[in-house]
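Here's the structure, in structure tokens; my notes come after.
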Amino acid sequence: MAKFKYHVLVCGGTGCRASQSETIAANIKRAVAENNLANEVQVIKTGCFGFCEKGPVVKMVPDNTFYVQVTPGDADELVLEHLVKGRKVKRLLYVDPETHTAVSDSKHMDFYKKQLRIALRNCGFIDPENIEEYIARDGYSALGTVLEQYSPEKAIEVVKASGLRGRGGGGFPTGLKWELTRKSKAEQKFVVCNADEGDPGAFMDRSILEGDPHSVLEAMAICGYCIGADKGLIYIRAEYPLAIKRLKIAIEQARKYGFLGNDIFGSGFNFDVTIRYGAGAFVCGEETALIHSMEGKRGEPTVKPPFPAQCGYQGKPTNVNNVETFANIPVIFLKGADWFSNIGTPKSPGTKVFALAGKVNNVGLIEVPMGTTLREVIFDIGGGIKSGKKFKAVQTGGPSGGCLTEKHLDLPIDYETLVANGSMMGSGGMIVMDEDDCMVSVAKFYLDFTVEESCGKCSPCRIGNKRLHELLDKITLGQGEEADLSRLRNLATVIKDTALCGLGQTSPNPVLSTLDNFPEEYEAHVKEGKCPAGQCRALMQYVIDPNLCVGCTLCSRVCPVDAISGSKKTPHFINSMVCIKCGACMEKCKFGAISVQ
Amino acid sequence: MSDKVRNLQELRNLRDELKGRLLLREKSKAPEKLVQIKVSMATCGIASGARETMSYLIEELDQQGVDAIVTQTGCMGYCYAEPTIEVTLPGEKPVVFGHVDTVKAAEIIEKYIKKGELVDGIIPDTYNTIDNK
Ligand SMILES: Cc1cc2nc3c(=O)[nH]c(=O)nc-3n(C[C@H](O)[C@H](O)[C@H](O)COP(=O)(O)O)c2cc1C
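Line by line, the protein sequences give chains A and B.
In terms of the UniProt record's numbering, the first sequence opens at residue 1 and continues consecutively.
In terms of the UniProt record's numbering, the second sequence opens at residue 1 and continues consecutively.
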């Protein structure tokens, strides 16, 4: 068996490929062959190392030497020095910016691993349909420990001390919520897991339930013990069939092992979980609407107070937490509140899972300590912008959030910082936009969603958002006027201040944040009738360059509305009043004479 | 019912027993030769063809007489490289491969599993776990 002694791993992530990593790999291969090492050394192209800022990256295995910012010209030296003579090439080692010393191997390079998986600790690791794999990874130990060794009050203290805050968007301190629900006196209480996950683009809750359903069940049981509830309900949208299937299997298995049911761990504590299906309405993720939906009523929110902690499901005290919030709980008991609170920032401890999407290279599900910057997420973990385009904005918080820009890239991600800058954490959708995205259209896209999802109960949300949408529509159609910009802002502010629930109170955020961060783009639409990103069709103009046009007549023949005139062998002309901007002419033109302005 | 875990000590014993059993999958006659493969089978993976990859791996390894156990797991987070699989050769660290369609799977069996040669498309582990933090 030809086993190689050495492997040279060359990063083939999109970012590194853009800086010639393929040539580097080819050059190393050639140098390896020239030095007669082809039988001992294998050169491999890998996926992204997540350290794109210092790319291209080359790693030597088995000694794990980590070379950064390698160029094709370095290949010979790397092979000759490292592989032939066994000496490290010092100038290509990573230099720690704080200590100014070179870091020679990836064992000491863990800092470049920007991700830390707490909520996702078992996702992609265990078989979610086999409880034994969860148990082997300390599953249900936290529940056992809490039931045998903690009073409910003491367990709540642990959650409080960890500093964990709700991952469903609001960031309310979880321990405090549990304490409030415990203090509400009632014969029956409920634990509810919010798995509605309505933000477009967010799929972290689904992934947790599909990859590690037991962690949520275990946490719900712990919560039940703490607040004094023996019933748990999981509200999940019916369009998550795989998550539902795995949850059902997990519940069955947990009952079989006695982690759900009566007298759990011989402690006398009873707890069981049932699943409730939602029809996938965004507003049903809001906790009061969610509770009404579970009661079989219309999924409409009600004014708080009373909070669910006082009067929730069936009028009984109810503790509602998000899936990801729950997934953190067992780890807090296994590793300790101190361990947890030391991760992240003092006010936002722990990690957050984000669904990274849009125009970034490494679309995926990531989990980073709070306080990580947007730049690290987008450019290191995300591998930068697709096709080498320019970063324009990142949208966080879904329809309730806002767009952050270049100047926000170095801000630490935590609840307060995002809100202070006009966006919010939300459930963790993160959509990256590049120079081709029109910010007015982006705001309109989110308003499309809110108008569709508004339950209609309160007029600011029902009518106000509709009006906002009409204004945006008008602007993208090139019919906007300057006064519309102040109308937008006034209306948005009124809706924010007067809407009944979180949906309406936050729905103008995408409008306000784009108005604040991209005023020039709105102005270009209303003053100059131009869409700088070239996305608003109504504002586009197809023109023929008379110097390039040879008069072949091809364009006028493909035009479906006869907007192009001109005789043979003379430059043609597009009548923009007739043109429907279908682009057929531009596609057909063999001389590159047609462009969009 | 005898399956029930009655106290924390019993859970700990069970955990230790399972840990050992899962490390050396009991199914194998010769665990020191056993290849372990996990296929990322969340909605995203399945949508990109993880199911076909998984069936292919199971059938192909069986036909070629490779002592292997193929299991499903949740989302590894590398949506841009689905389907993803993790292969652990006996005595080696786990290696994750991305974009594993049946063609790639065949290459992985031929080169990595049978000969121990790495192939292009490895995804380096880019995150810390709660065990090393
Ligand atoms: C319009 C709207 C939609 C919401 N959607 C969700 C959701 O999909 N999932 C979720 O966990 N929380 C959602 N929330 C937040 C919930 O109302 C509630 O605060 C949360 O479930 C509490 O759990 P946590 O403290 O663990 O975050 C939404 C809130 C609003 C206003």
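Even for Gly, the Cβ is constructed at its ideal location relative to N, Cα and C.
In the structure shown, residue 403 of chain A falls within a strand segment according to DSSP collapsed to helix, strand and coil.
Inclusion of residue 175 of chain A and residue 159 of chain A in the CB contact set at 9 Å is warranted, their separation being smaller than that value. Residue pairing by DSSP places residue 430 of chain A opposite A/356, A/396 in a beta bridge. Every unbroken stretch of the beta strand (DSSP E) spanning 3 or more residues and falling wholly within the segment 507-575 of chain A is given here in chain order: 542-544. The Cβ neighbour count for residue 436 of chain A, taken over all protein chains shown within 10 Å, is under 16; the residue is labelled exposed. When Cβ-Cβ separations below 9 Å define contact, residue 48 of chain B makes no contact with chain A. For residue 179 of chain A, no chain B residue has a Cβ inside 9 Å of its Cβ, as the nearest lies near 25 Å away.
A straight line joining the alpha-carbon of residue 430 of chain A with that of residue 236 of chain A spans about 22 Å. The beta-carbon of residue 7 of chain A is placed less than 9 Å from the nearest beta-carbon of chain B. DSSP places residue 213 of chain A in the helix class (H, G or I) of the three-state scheme. Inclusion of residue 58 of chain B and residue 87 of chain B in the CB contact set at 9 Å is not warranted, their separation being larger than that value.
In this structure, residue 117 of chain A places its C-beta atom within 9 Å of the C-beta atom of residue 127 of chain B. Of all alpha-carbon atoms in B/82, B/129, B/60, B/8, the one lying nearest the alpha-carbon of residue 114 of chain B is that of B/60.
Annotation for residue 303 of chain A indicates a beta carbon at 8 Å or more from all heavy atoms of ligand 1.
Interface residue (Cβ-Cβ distance to chain A less than 9 Å): residue 130 of chain B is classified as such. Here residue 270 of chain A is not near residue 191 of chain A, since their CB atoms are 9 Å or more apart.
Per the DSSP secondary-structure output, residue 451 of chain A pairs with nothing in a beta bridge. Secondary structure note for residue 369 of chain A: its beta strand (DSSP E) is the uninterrupted segment 364-369. Residue pairing by DSSP places residue 193 of chain A opposite A/234, A/321 in a beta bridge. Those residues of the segment 397-428 of chain A placed with their C-beta closer than 8 Å to a C-beta in chain B do not exist. Only those residues of the segment 109-132 of chain A whose C-beta falls short of 9 Å from the nearest C-beta of chain B are listed: 110, 112, 113, 114, 115, 116, 117, 118, 120, 121, 122, 123, 124, 125, 126, 127, 128, 129, 130, 132. In its chain, beyond the 5 residues on either side, 571, 572, 593 have a beta carbon closer than 6 Å to the beta carbon of residue 549 of chain A.
A distance below 7 Å between beta-carbons, with the five flanking residues on each side excluded, links residue 182 of chain A to the following residues of its chain, in chain order: 152, 156, 226, 227, 228. Relative to residue 114 of chain A, the option among A/342, A/99, A/370 whose CA is nearest is A/370. Not one heavy atom of ligand 1 is found less than 8 Å from the C-beta of residue 180 of chain A.
The Cβ atoms of residue 353 of chain A and residue 37 of chain A lie no closer than 9 Å to each other. The Cβ atoms of residue 234 of chain A and residue 329 of chain A do not sit closer than 9 Å to each other. In summary, the residues of the segment 183-207 of chain A whose CB is separated from some CB of chain B by less than 8 Å are 203, 206, 207, in the order they occur in the chain. As for any beta strand (DSSP E) of minimum length 3 sitting wholly inside the segment 133-196 of chain A, the runs are 190-195, ordered along the chain. The beta carbons of residue 556 of chain A and residue 565 of chain A sit closer together than 9 Å. Around the beta carbon of residue 460 of chain A, a 10 Å sphere encloses 16 or more other beta carbons of the protein chains shown; the residue is thus reported as buried. Taking C-beta atoms under 8 Å as the contact rule, residue 122 of chain B and residue 95 of chain B qualify, at a distance of about 6 Å. Taking a Cβ-Cβ threshold of 9 Å, the residues of chain B close to residue 45 of chain A are 120, 121, 122, in chain order.
Remark: C-beta atoms of residue 444 of chain A and residue 418 of chain A do not approach each other more closely than 9 Å.
About 7 Å separates the Cβ atoms of residue 384 of chain A and residue 360 of chain A, confirming a contact at the 8 Å cut-off.
Here residue 76 of chain B carries a coil assignment [DSSP, helix/strand/coil].
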